[in-house]
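Taking the numbering used here, I'd label the letters of the sequence shown as residues 2 to 1095.
Notes follow once the structure below has been shown.
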Amino acid sequence: MPQNSTQETSISAGKLIEQVINRDQDYPDLATLLNGPPSESYIKPLLSADEEFVQTNRVPIPRRFINIIVDSQTQCRCFMGLLPDIGRAWLTIDCNLYIWNLNDENDYYEYSDQDQIIVRAELVKPKPDVFGDHIKHVLVISTPLQVILLAVSTKQAQSSTNLDTISLFATNMTMPADDEQMEQIGGTDDGRIFTIGRSGTVYEIEYHNPMKWLSKGCKLIKRSESSFMSYIVPQFRYFMSTPPRARSFVIDNERKVLYILYKETDAIEVVYLGSQFNSYKSIYTLSTIKENAIQICRQQSRIFSPSDFDIETLHVISKAESKNIHLMAVTTTGHRLYFSHHKDSFRAFGNSSNLPIEPNTLELGHVRSPPPTLTRNAGELAPTYYQTYYDCGMSVSIIPKTEDSSSLRITSVTSAKAATAAAPSAQPQVPTSSISMMAMTSRPTYSETDITLEINERILAVTETNQQLVGRHYLKENSQQLASPPRQFMALSTLSVLFFSKLRPVDILYKIFVKTREEPDTTLIQSFFERYGQVQSCAMCLSIACSSDERDIVMKANDTFFAYGGLPTSTLPTQIPGNHLGRAIGQTDVAYSGKHDGFVLYFARIIAPVWKLKAFAYHGNDMNAHLIYTQIQSTLSNTKVNLLQLKEFMDRNPKFHNAASISDPRLQAVDSNIVSLELAEQKSAHELYLMLVQSIEALSFIEFLFDSTVQNIISDLHDERQAKVYNLDFSAILTTTEGRELTRELVIAAITKYGSSYSQDGFNFVSKHLERFCSSFFGPNDISFFKGIEYLRRAMHDESDMERVHSLRNSLYNFKDAAAYISDAKLESICRIYIQSSYHTGILELALERAKKIDPQDKGAAASESVTALNETTAKLLAARIDTYKNIFKALEDVLMLEKSGVPSDRVPIASQYLPAYVSKVFDTAMASDDKLFHYQLYNWFLSHGLESKLLEYETPYLIPYFEQYIPDREKSLGFMYQFYNQKHQYREAFGCLYRLATLPSEALDLDKRIELMSQALINAKCGKLGPEAEDAVNELIRVAGMQGRIKAILQGMTDNVEARQAVNELNHRLYTQQQLEGLFIGRFSVLKEIFGN
2 MPQNSTQETS
12 ISAGKLIEQV
22 INRDQDYPDL
32 ATLLNGPPSE
42 SYIKPLLSAD
52 EEFVQTNRVP
62 IPRRFINIIV
72 DSQTQCRCFM
82 GLLPDIGRAW
92 LTIDCNLYIW
102 NLNDENDYYE
112 YSDQDQIIVR
122 AELVKPKPDV
132 FGDHIKHVLV
142 ISTPLQVILL
152 AVSTKQAQSS
162 TNLDTISLFA
172 TNMTMPADDE
182 QMEQIGGTDD
192 GRIFTIGRSG
202 TVYEIEYHNP
212 MKWLSKGCKL
222 IKRSESSFMS
232 YIVPQFRYFM
242 STPPRARSFV
252 IDNERKVLYI
262 LYKETDAIEV
272 VYLGSQFNSY
282 KSIYTLSTIK
292 ENAIQICRQQ
302 SRIFSPSDFD
312 IETLHVISKA
322 ESKNIHLMAV
332 TTTGHRLYFS
342 HHKDSFRAFG
352 NSSNLPIEPN
362 TLELGHVRSP
372 PPTLTRNAGE
382 LAPTYYQTYY
392 DCGMSVSIIP
402 KTEDSSSLRI
412 TSVTSAKAAT
422 AAAPSAQPQV
432 PTSSISMMAM
442 TSRPTYSETD
452 ITLEINERIL
462 AVTETNQQLV
472 GRHYLKENSQ
482 QLASPPRQFM
492 ALSTLSVLFF
502 SKLRPVDILY
512 KIFVKTREEP
522 DTTLIQSFFE
532 RYGQVQSCAM
542 CLSIACSSDE
552 RDIVMKANDT
562 FFAYGGLPTS
572 TLPTQIPGNH
582 LGRAIGQTDV
592 AYSGKHDGFV
602 LYFARIIAPV
612 WKLKAFAYHG
622 NDMNAHLIYT
632 QIQSTLSNTK
642 VNLLQLKEFM
652 DRNPKFHNAA
662 SISDPRLQAV
672 DSNIVSLELA
682 EQKSAHELYL
692 MLVQSIEALS
702 FIEFLFDSTV
712 QNIISDLHDE
722 RQAKVYNLDF
732 SAILTTTEGR
742 ELTRELVIAA
752 ITKYGSSYSQ
762 DGFNFVSKHL
772 ERFCSSFFGP
782 NDISFFKGIE
792 YLRRAMHDES
802 DMERVHSLRN
812 SLYNFKDAAA
822 YISDAKLESI
832 CRIYIQSSYH
842 TGILELALER
852 AKKIDPQDKG
862 AAASESVTAL
872 NETTAKLLAA
882 RIDTYKNIFK
892 ALEDVLMLEK
902 SGVPSDRVPI
912 ASQYLPAYVS
922 KVFDTAMASD
932 DKLFHYQLYN
942 WFLSHGLESK
952 LLEYETPYLI
962 PYFEQYIPDR
972 EKSLGFMYQF
982 YNQKHQYREA
992 FGCLYRLATL
1002 PSEALDLDKR
1012 IELMSQALIN
1022 AKCGKLGPEA
1032 EDAVNELIRV
1042 AGMQGRIKAI
1052 LQGMTDNVEA
1062 RQAVNELNHR
1072 LYTQQQLEGL
1082 FIGRFSVLKE
1092 IFGN
């Protein structure tokens, strides 16, 4: 179907939304940000430290465990740790392991099945096919004598009020440790387990399914020495060089790389784990890290020593952050060292697509200086970074202060401005267009917010609560919405587990609004807009206004959006003096305000989760597919809720997007240039509002299809269309003509599905639903078309003739409403069904209505009559109308077939006694049209099928003009007109046609025929009482024609005379006057002179 204006608007606005989404999600590679000399750009928080890194909960170590330690008769050895994957912590008291739920201290598990002191416990993922599907984790327990593997099963709670439960299962997988206490345990995503012993040896725990044939059980494999060394007896190893001792490791699961940090030298080894099953390939060991770091920092103002770069922890850089930087090390002084395991990666960071999969080296490429040093109070330890957690641009470091207190140093990457600017309300910073509003500067900088939080407990470890999102966090914290939760962290101390939330900019703005409840001060709001800019800040205002449940906060966000959102400006402000309209001359573009572009940005962010979502993709019929479909529906539903909330905001503020009325005070402003800019912005906002409405309705349509079992609906489509629908994403549905057409196909398929279930009640269920919930997305023409389809489907199921005719008439009524928007292919399909239903008049009425609506000004007819009116547009209209008429002519040909052979058995029957009347009614309907162009095409059809006699049965205002002007064969046209007038007893007109026909120069009429025509003309002159003059003229013409006949007869007898034969031919093809006969023939031939001389 052709596009309507609303669809064209959504397509245009959709292109803008897609560009904004792409820019908003485009984050530069970390290698781009850190390309250059050592960096140290840090920004202080807007609020206090405890207001931006908020402690949300404190869970003390359960009292029962403390009592066990206190009541013990001997000194206990205790170790502690966190198990964030299952929401628990662990504590060992000698040989007993306790795992307790951080949400309920009474929910704990005790493991005491062995008598050795437990020094460490760690959760890892299991290898596939070793345990059952219900086992999602393996708990590795280390004692000085052995390493034990326990299977862990987690049962999710059925409701939010209940808690998850865990179960531990013995696996009989125990291996000797030979007095080697494991200081670190970690696992890969595919189930491999690595450990580091106190001796600095790296081990891998090899384990297999014990139920399988030839299973090797489990054992510890030393990975830090070559296979040759494992065969040398310990006595001889004493005389060989001491191997380096490992201190810690990290695993990069995305790239299948193991990084090992060694003691004393701070060397880092790169091991590749991914070439084949159980592969362990040492690639490279970098041992000159400190020297390299000092070299990189040689141009800094201070002089560095090797101790400044003593490495404390290693951290993987996820692919989301960088394709070129792979590892970061944090030193005890807080320096961050960035490494790549590909050669020259820092110098070729722009071409990451050609990097090999397997690492080939380890290079230090960048050094980032720590945040400013904190002041120290008396008795506090020198600030040393004890342990750091890092992921996706955020780090939380533990800095011990005293025996009973610590500091947390939190840094997170930000796009906030480091330097302050003028107040946005006084000097708005507006981008030149909404497309460029998020464009990065040519040299982006890596800036971080720096927060220091004092904790009156000794912190032992810190990690992130949701381990499922590790490596997958969104890097642009500005883009986060208030409705989605911030990043959560947990810190283990000697007394408790502390929970923290790192506030994002939108959370900070929300807190500022809360603070202004008590202190109505705008300083913080202005500072926030200065830091994040108008566009980002306005987008965050919308996030709060659309998500908060607190009315006063919603109103505050609403007011701030408009108060600080600025005004549109012209990109060409030059104005000619004396321009009384105050209009910028040559103005071609508008730089929209911060509130406009903030609206675009927020709209793009909330629709982004579904923008490229292929909602109809086929995933199978198994349980996994069901989970995928459920997740898709959840994403669609959440996005729809967010869009509805944004629409509610727009509806509360109609002046932001509705066209201004004539009474609007702005139209009375002196400077009409400002008015024109505001109206241009208003127009743009309104187009985006229409796009918003269509997006909501498109989501409602997709939800409707899911509720109607969408895969069953798609299965009714042809294979080619099925493939296109499976590959159809949400953006294509909104912004492409093909996407719109495919949605219409889905509606038709849904109607077919429901039509097969309901022939009477509920047959129009689909159109009613779409009219109620998707009227803007589809539009009135689409809805009318769908109603027509529904009635057509109903007619095919109706049992009585009365019901069937009623349904067919209703289908025609609705199809005529949408006639201009029905495609040629759909029109042909409808006509085929009408033919099968013996409803030929419906075809005529629908096609004629379509022709009228696609060319309401009749330009196509004008183009057919005049060459001067013919151009590209009118030619297309003319061709479209002629194509439409072809459906009528097919119907008429079918009617002729019915008249001749009867109704085929596969059609709706027509009784034989009614068939002539039916055929007559179809032709009468065609002739009753007032479409002149159609009449001319219809007459052509009659003549091409030899139906002149049938055409004579009708009298239309276009018939005679057609034969007068458009039939080049004058003998045929005059002959038809004579017959037409003769049967109408219009003698005068019949006389004129006979007279003109008789005198027409033509080889097709011989002299005898002409005399016959003149005799008929004389009869019509007498019947018509044309008077003696007309009769005398005809009689005179007949007399001369008789004379011409005598001459012709005489000359025919002169068979040997060539000139005479030529004269006979001339006399036979036209009438001559007496004077012409005497001059042209009598004078030439002597025999004629003798006869006619006197």
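Using N, Cα and C, we set each Cβ at its ideal position, and we do this for glycine too.
task: Could you name the residues that DSSP lists as bridge partners for proline 401?
output: DSSP, once it has assigned bridges, lists Ser407 as partnering proline 401.
- prompt: Under three-state DSSP, which class holds leucine 169?
  reply: Leucine 169 falls in the strand class under three-state DSSP.
- request: Would you identify the three-state DSSP class for valine 909, choosing helix, strand or coil?
  value: The three-state reading of DSSP puts valine 909 in coil, since its state is none of H, G, I, E or B.
query: If you follow the alpha helix (DSSP H) that serine 950 is part of, which residue opens it and which one closes it?
result: It spans 949-952 - the alpha helix (DSSP H) in which serine 950 sits, taken as one unbroken run.
field: Three-state secondary structure (DSSP) of valine 1088
entry: Three-state DSSP puts valine 1088 in a helix.
query: Among Val141, Ala294, Ile62, which one has its Cα closest to the Cα of asparagine 107?
result: Relative to the Cα of asparagine 107, the nearest Cα in the group Val141, Ala294, Ile62 belongs to Ile62.
query: Along the chain, where does the beta strand (DSSP E) that runs through glutamine 182 open and close?
result: From DSSP, glutamine 182 is part of no beta strand (DSSP E); its letter is neither H nor E.
query: In chain order, what residues of the same chain have a beta carbon less than 7 Å from the beta carbon of methionine 1055, not counting five sequence neighbours either side?
result: In chain order, Ala1061 place their CB closer than 7 Å to the CB of methionine 1055, counting only its own chain and leaving out the 5 sequence neighbours on each side.
message: Quick check on cysteine 219: does DSSP put it in helix, strand or coil?
response: Secondary structure at cysteine 219: strand, using DSSP grouped into helix, strand and coil.
message: Quick check on this structure: which residue in Asp86, Gly1025, Phe702 has the alpha carbon closest to the alpha carbon of glutamine 469?
response: Checked all of Asp86, Gly1025, Phe702; the closest Cα to glutamine 469 is Asp86.
query: Just curious, the alpha helix (DSSP H) that arginine 810 is in, first and last residue?
result: In the DSSP annotation of this structure, the continuous segment of the alpha helix (DSSP H) that includes arginine 810 starts and ends at 802-818.
- request: Apply the 10 Å Cβ neighbour rule to phenylalanine 170 and answer buried if 16 or more other Cβ atoms are within range, or exposed otherwise.
  value: Note on phenylalanine 170: under 16 other CB atoms within 10 angstroms of its CB, so exposed under the neighbour-count rule.
message: Am I right that threonine 362 and histidine 336 are in contact with their C-beta atoms under 8 Å? What's the rounded C-beta distance?
response: Threonine 362 to histidine 336, Cβ: 22 Å. No contact.
field: The alpha helix (DSSP H) enclosing asparagine 467, as first and last residue numbers
entry: It is not in any alpha helix (DSSP H) - asparagine 467 carries neither H nor E in the DSSP assignment.
field: Own chain residues within Cβ distance below 6 Å of glutamate 1004, not counting five before or after
entry: If we look at glutamate 1004 and ignore the five residues flanking it on each side, its Cβ neighbours are His1070.
task: State the beta-bridge partners of isoleucine 149 as determined by DSSP.
output: The partner list for isoleucine 149 (beta bridge, DSSP) reads Ile142, Thr175.
- request: Locate the alpha helix (DSSP H) running through valine 271, then write down its first and last residues.
  value: According to the DSSP assignment, valine 271 belongs to no alpha helix (DSSP H) but to the beta strand (DSSP E) extending over 269-273.
- prompt: If you follow the alpha helix (DSSP H) that glutamine 1108 is part of, which residue opens it and which one closes it?
  reply: Residue 1108 falls outside the range modelled here, since the chain spans only 2 to 1095, and no answer is possible.
field: Residue closest to tyrosine 603, alpha-carbon to alpha-carbon, out of Ala592, Ala826, Gly394, Ser548
entry: Ranked by how close their Cα comes to the Cα of tyrosine 603, the residues Ala592, Ala826, Gly394, Ser548 have Ser548 in first place.
query: Should threonine 875 go down as buried or exposed, given a rule of 16 or more other Cβ atoms within 10 Å for buried?
result: It is buried - the Cβ of threonine 875 has at least 16 other Cβ atoms within 10 Å.
- request: Using the Cα positions of arginine 722 and isoleucine 715, report the straight-line distance between them to the nearest angstrom.
  value: Cα to Cα, the separation comes out at about 9 Å.
field: Whether valine 463 touches valine 397 by CB criterion (8 Å)
entry: Contact flag set, yes.
query: What do you get for threonine 572, buried or exposed, if any count of 16 or more other CB atoms within 10 angstroms of its CB means buried?
result: That one is exposed.
- prompt: With 16 other CB atoms within 10 Å as the buried threshold, where does serine 11 fall?
  reply: A residue is called buried once 16 or more other Cβ atoms fall within 10 Å of its Cβ, and serine 11 is buried on that count.
task: Can you tell me which of Thr446, Glu313, Pro445, Arg459 puts its alpha carbon nearest to the alpha carbon of threonine 389?
output: Nearest of Thr446, Glu313, Pro445, Arg459 to threonine 389, Cα basis: Glu313.
message: Checking 8 Å against the spacing of the C-beta atoms, do leucine 879 and glycine 843 come in under that value?
response: In this structure, the beta-carbon distance from leucine 879 to glycine 843 does not fall below 8 Å.
- prompt: Taking DSSP as the reference, what is the three-state secondary structure of glycine 366?
  reply: In the three-state DSSP reduction, glycine 366 falls in the strand class (E or B).
- request: Rank Thr175, Lys854, Leu150 by C-alpha distance to the C-alpha of glycine 187 and give the top, closest one.
  value: For glycine 187, the nearest C-alpha among the options comes from Leu150.
message: By the DSSP assignment, the alpha helix (DSSP H) with phenylalanine 1082 in it spans what residues?
response: Looking at the DSSP string, phenylalanine 1082 is not in any alpha helix (DSSP H), and its letter there is neither H nor E.
message: Going by DSSP in three states, valine 120 sits in which element: helix, strand or coil?
response: In the structure shown, valine 120 adopts coil according to DSSP, grouped into three states.
- prompt: With burial defined as no fewer than 16 other Cβ atoms inside 10 Å of the residue's Cβ, what is the status of phenylalanine 924: buried or exposed?
  reply: It counts as buried.
task: Mind listing, in chain order, the continuous beta strand (DSSP E) runs of no fewer than 3 residues lying wholly within the region 272-329?
output: At a cut-off of 3 residues, the continuous stretches assigned as beta strand (DSSP E) that sit fully inside the region 272-329 are 282-287, 312-317.
field: Three-state class that DSSP yields for aspartate 392 in the structure shown
entry: Strand.
task: Run the CB neighbour count on methionine 803, radius 10 Å, all protein chains shown included, and call it buried at 16 or more, exposed below.
output: The residue in question, methionine 803, is exposed, as its Cβ has fewer than 16 Cβ neighbours within 10 Å.
- request: Pull up the DSSP beta-bridge partners for arginine 488, would you.
  value: Answer is Lys503, bridged to arginine 488.
message: I need the straight-line Cα distance from aspartate 180 to tyrosine 263, nearest angstrom please.
response: So the alpha carbons of these two residues sit roughly 21 Å apart.
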